[in-house]
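Each remark here refers to the structure printed beneath this line.
There are 2 protein chains.
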Amino acid sequence: MPTELFTVHTPPDAWRRFREHFHPAVRAERIATADALGRVLAESVTAPGDLPEFQRSTVDGYAVNAADTYGASPGLPAFVTVVGEVPMGQAAALTIGVGEAALVHTGGMIPPGADAVVMIEHTQRVDAANIEVMQPVSPGQSVIQIGEDVRRGDVVLSAGRRLRAQDLGGLLALGVTTVHVAAPPRVGIVSTGDEVVPPDQPVQPGQVRDINSYTLAALATHAGATPVRYGIIPDNRQALAGAAARAHAECDLVIFSAGSSVSYRDMTAEVIAELGAPGVLVHGVSVKPGKPTILAVCAGKPVFGLPGNPVSAMVIFDLFITPTIAALLGETLTARPRVQARLARNIASDTGREDYVQVRLEEREGELWAVPVLGKSNLIYTLIHADGSLQVPLDSNGIRAGAWVTVTLF
Amino acid sequence: MPTELFTVHTPPDAWRRFREHFHPAVRAERIATADALGRVLAESVTAPGDLPEFQRSTVDGYAVNAADTYGASPGLPAFVTVVGEVPMGQAAALTIGVGEAALVHTGGMIPPGADAVVMIEHTQRVDAANIEVMQPVSPGQSVIQIGEDVRRGDVVLSAGRRLRAQDLGGLLALGVTTVHVAAPPRVGIVSTGDEVVPPDQPVQPGQVRDINSYTLAALATHAGATPVRYGIIPDNRQALAGAAARAHAECDLVIFSAGSSVSYRDMTAEVIAELGAPGVLVHGVSVKPGKPTILAVCAGKPVFGLPGNPVSAMVIFDLFITPTIAALLGETLTARPRVQARLARNIASDTGREDYVQVRLEEREGELWAVPVLGKSNLIYTLIHADGSLQVPLDSNGIRAGAWVTVTLF
Chain B
1 MPTELFTVHT PPDAWRRFRE HFHPAVRAER IATADALGRV LAESVTAPGD LPEFQRSTVD
61 GYAVNAADTY GASPGLPAFV TVVGEVPMGQ AAALTIGVGE AALVHTGGMI PPGADAVVMI
121 EHTQRVDAAN IEVMQPVSPG QSVIQIGEDV RRGDVVLSAG RRLRAQDLGG LLALGVTTVH
181 VAAPPRVGIV STGDEVVPPD QPVQPGQVRD INSYTLAALA THAGATPVRY GIIPDNRQAL
241 AGAAARAHAE CDLVIFSAGS SVSYRDMTAE VIAELGAPGV LVHGVSVKPG KPTILAVCAG
301 KPVFGLPGNP VSAMVIFDLF ITPTIAALLG ETLTARPRVQ ARLARNIASD TGREDYVQVR
361 LEEREGELWA VPVLGKSNLI YTLIHADGSL QVPLDSNGIR AGAWVTVTLF
Chain V
411 MPTELFTVHT PPDAWRRFRE HFHPAVRAER IATADALGRV LAESVTAPGD LPEFQRSTVD
471 GYAVNAADTY GASPGLPAFV TVVGEVPMGQ AAALTIGVGE AALVHTGGMI PPGADAVVMI
531 EHTQRVDAAN IEVMQPVSPG QSVIQIGEDV RRGDVVLSAG RRLRAQDLGG LLALGVTTVH
591 VAAPPRVGIV STGDEVVPPD QPVQPGQVRD INSYTLAALA THAGATPVRY GIIPDNRQAL
651 AGAAARAHAE CDLVIFSAGS SVSYRDMTAE VIAELGAPGV LVHGVSVKPG KPTILAVCAG
711 KPVFGLPGNP VSAMVIFDLF ITPTIAALLG ETLTARPRVQ ARLARNIASD TGREDYVQVR
771 LEEREGELWA VPVLGKSNLI YTLIHADGSL QVPLDSNGIR AGAWVTVTLF
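Chains as they are written, first to last, in our numbering: chain B, 1 to 410; chain V, 411 to 820.
So this is what it looks like as structure tokens:
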């Protein structure tokens, strides 16, 4: 069917139609925790033990019975006998009785019998064996209790979480040295267009260099997938069908970066339809830029046809492919960072269409302003000059200059 | 000198003292643009040509002389003769005269003589050779001009920029297939502490697993550096000095993750002092958590001594090591993403000290709230439950519940 006659769906409706037929399965693998930065947990992790496993001091000082220090003051200090020291990295070999204390270091073990630590600054040495305590301590003071950080059996990190630096630390602290994470889905990228040439070749009049397959590959990498580029396929039905079949067989998700003309888009839709049932689910989304978008599921695998121009391709990637990769990773997507800013000039839009406007952020007299980056959506450099984008909702016919808007950062 | 007697510096003062002696040199390397996602440009890139290099159509339609369409309407269409088609990827072989048009595709070349494109929807075919134009177009309409995206000689991306997906696309669009980027600085990480054991070993009472060297390595990776772990060095002056000398010789930046007790910290300071002039510049920063921090420059290389507890180590990494790695990369650091939220409970602080409080973000009835994650700074899981942190400024003695605060996201 000719592109201009297709039924356009709103983005939420398009996503719903697609999602009905897309049933992602996470492929998991086990790797070393130390190598898992940025990977997505495929299974929740339960604490195999308490953390800490023994009572630890949070200060350098003397482990005591808190009761021995009650009422102590610089004028009337409590007098205690030092019975030894707990060396770092060793179990406390001594027991603290009434009127006794042991020297402990920050992080060291609290000896049995003691229930609090007096900071060294609040003590004074009397002689080789005795000290004065100038301030009272309460039971538990300057002590980390067993399991205070984490209790054995607690779920410490849930499946779907993308691991951060501190998460690796938390897992290793518990002795969890390997984790079950989602394998990166393979994202096949097929470029079409007789006008498209590889970036390392000189361009002749009428030709343009391939931008999208590299930009899309980088976006896929950023989302946690492994991109596989299938080259630039000429405007030839058989060649395109061959590349499509190969990408569909080898990858978990296939993206067609269509040539920009109607005939390429129609050919792409036909080729996608042949990759398997149910095939094309959405052809045309009420998004600007990005209207001529195809969402399909073919024999269980998600397949997308993206508009040829780079700004549209990126808008659609964020809108549909990022959440699809997250689903293949089992990732619980957290909202992208957003900032509030004031709009620097009027933006017009049509009701019934979501507009995405690239903006540059500028601070003016302490206020953040969102300055729309002007330019046709065919211009790659609008993306490069932008810090993020803002959405003009479906039911809006525009936003006035000066209004507060939410900018989603790239 | 004993730790408790050192002169404490405010964070800005500490950074100033350190920066006076730290003169970073960027080590550059040339790599393929396609592989440069996340890398930092070591040289600004200038456009080697115009983009686009020829006039392109932004729509499917007919290239015409705009003047031929003036006054056209559905009731009184303009009549033009179609003299041919411009195939995609080819130079336009025909010239458009008065009263003539050529079929062009989106992204295709505008033939000489034409100055605008009428969208196909606004035309009607009369016979094999002629069409009617129902709407006037103005000169330049639906045409991207030569150099409209980028002009030859423009600086398209500046040195110091961390490359994003769309930046790679922009470079490749210009045929810039290799780029000069900063080589990742090598960050040596030396852990000390008799109580610290490798994460894959069972812990005995009094021992803890190494967390910091892995968390710090992941933070270094995230910042764009290559971490090199030098293992866990026992509380032995000679062993520590040996590891320090090796790390200092092999790396561009050295971090000591000190054992938590005063004696380890003092020993670390002494060992750092011997690595070269000027040595220790700051020993003690008015930050909570993170006070017992060492900033040093030894024979031209930055060296840091971090507190042993994981929360402090991460606060100090963000405060001093992230900008140091950025300096070694020549990176223009952009502000970390921040959000505004309301504080869920009172936070007390002391004037003259910067406090960093880990918070979890919660949406309550459409408003974002920052909920402080309670827990001693020795607890790694406070970091894991937190989405970001907020700063209580030097001159503040706290923040009241309900106040709007700025949360810097992790």
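Virtual Cβ for every residue (Gly too), placed ideally from N, Cα, C.
On a predicted model such as this, the values are computed, not experimentally measured, just so you know.
Return the Cβ separation of residue i and residue j in integer angstroms, given the expectation that the two are a contact with Cβ distance under 8 Å.
i	j	result
Val86 (chain B)	Gly107 (chain B)	With a Cβ gap of about 11 Å, Val86 (chain B) and Gly107 (chain B) do not count as contacting.
Ala63 (chain B)	Ala114 (chain B)	4 Å
Thr734 (chain V)	Pro712 (chain V)	5 Å
Ala813 (chain V)	Arg748 (chain V)	Between Arg748 (chain V) and Ala813 (chain V) the Cβ distance is about 16 Å, and since that is not below 8 Å, they are no contact.
Val543 (chain V)	Ser454 (chain V)	That pair is no contact at about 46 Å.
Leu739 (chain V)	Ala592 (chain V)	4 Å
Ala116 (chain B)	Gly616 (chain V)	Not quite, the Cβ-Cβ distance comes to about 18 Å (not below 8 Å), so this is no contact.
Ala165 (chain B)	Leu629 (chain V)	5 Å
Ala401 (chain B)	Arg364 (chain B)	No, Ala401 (chain B) and Arg364 (chain B) are not in contact; Cβ-Cβ is about 13 Å, not under 8 Å.
Ser191 (chain B)	Gly231 (chain B)	7 Å
Asp645 (chain V)	Met88 (chain B)	7 Å
Using a Cβ-Cβ distance cut-off of 8 Å, determine whether residue i contacts chain B.
i	result
Gln500 (chain V)	yes
Leu582 (chain V)	yes
Pro720 (chain V)	yes
Asn788 (chain V)	yes
Pro637 (chain V)	no
Tyr791 (chain V)	yes
Ala538 (chain V)	no
His632 (chain V)	yes
Gln551 (chain V)	no
Gly641 (chain V)	no
Ile621 (chain V)	yes
Ala444 (chain V)	yes
Gly585 (chain V)	yes
Val697 (chain V)	no
Asp765 (chain V)	no
Expressed to the nearest angstrom, what Euclidean distance is found between the alpha-carbon atoms of residue i and residue j?
i	j	result
Val203 (chain B)	Val197 (chain B)	7 Å
Thr491 (chain V)	Asp266 (chain B)	27 Å
Ala435 (chain V)	Val597 (chain V)	15 Å
Val150 (chain B)	Leu51 (chain B)	5 Å
Val725 (chain V)	Pro699 (chain V)	7 Å
Asp200 (chain B)	Ala258 (chain B)	20 Å
Asn475 (chain V)	Pro292 (chain B)	28 Å
Ile110 (chain B)	Ala128 (chain B)	22 Å
Cys251 (chain B)	Arg229 (chain B)	11 Å
Ser142 (chain B)	Met119 (chain B)	8 Å
Ala457 (chain V)	Ile211 (chain B)	15 Å
Trp425 (chain V)	Phe730 (chain V)	7 Å
Gln545 (chain V)	Ala482 (chain V)	5 Å
Would residue i and residue j qualify as a contact pair, given that the criterion is a beta-carbon distance under 8 Å?
i	j	result
Thr732 (chain V)	Gly169 (chain B)	no
Leu582 (chain V)	Leu451 (chain V)	no
Gly715 (chain V)	Phe666 (chain V)	yes
Val359 (chain B)	Leu390 (chain B)	yes
Phe22 (chain B)	Val407 (chain B)	no
Glu354 (chain B)	Pro310 (chain B)	no
Val287 (chain B)	Pro12 (chain B)	no
Ala217 (chain B)	Pro227 (chain B)	yes
Thr221 (chain B)	Leu447 (chain V)	yes
Less than 8 Å between CB atoms is the rule here; does residue i satisfy it with respect to chain V?
i	result
Val371 (chain B)	no
Gly388 (chain B)	no
Phe410 (chain B)	yes
Val208 (chain B)	yes
Asn236 (chain B)	no
Tyr214 (chain B)	yes
Phe54 (chain B)	yes
Met1 (chain B)	Low per-residue confidence applies at Met1 (chain B): pLDDT is 38, beneath 50, and the placement is therefore not dependable enough to give any value.
Ile31 (chain B)	no
Leu411 (chain B)	Chain B is shown from 1 up to 410; residue 411 (chain B) falls before or after that span and cannot be answered.
Contact list for the region 148–165 of chain B against chain V, Cβ threshold 8 Å: Glu148, Asp149, Val150, Val156, Leu157, Arg164, Ala165
In chain order, what residues of the region 180–199 of chain B put their CB closer than 7 Å to some CB of chain V? Gly193, Asp194, Glu195, Pro199
Using a Cβ-Cβ cut-off of less than 8 Å, give me the residues of the region 87–118 of chain B that come near chain V, in sequence order. Pro87, Met88, Gly89, Gln90, Ala91, Ala92, His105, Thr106, Gly107, Gly108, Met109
Residues of the region 291–322 of chain B with a CB closer than 7 Å to any CB of chain V: list them in chain order, please. Gly308, Pro310, Met314
Note down, in chain order, all residues in the region 34–51 of chain B with a beta-carbon under 7 Å from any beta-carbon belonging to chain V. Ala34, Leu37
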